[in-house]
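The structure appears right after this line, and notes come after that.
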Amino acid sequence: NLNTAEKGDMLLSFDTEALNHSRSAQTADHAEAAKAFVEKRAPVFKGR
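Every number in my numbering is 17 more than the matching position in the sequence shown, counting from 1.
Pasting the structure below:
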């Protein structure tokens, strides 16, 4: 996130971004986004 990038060093920022990315990739909304993309439709997010 921007706070880490601003206050930490570059490697810490990369590690934090990788962790956040992997966490978000495990959500139901991420799966819905990928499915909607393949089906060429708008995603319906549920905040999960």
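The beta carbon of each residue, even a glycine, is placed where N, CA and C say it ideally should be.
Contact annotation: A45 and R65 have beta-carbon atoms nearer than 9 Å. The alpha-carbon of S30 is positioned some 9 Å away from that of N20. Annotation: G25 to P60 spans about 35 Å, alpha carbon to alpha carbon.
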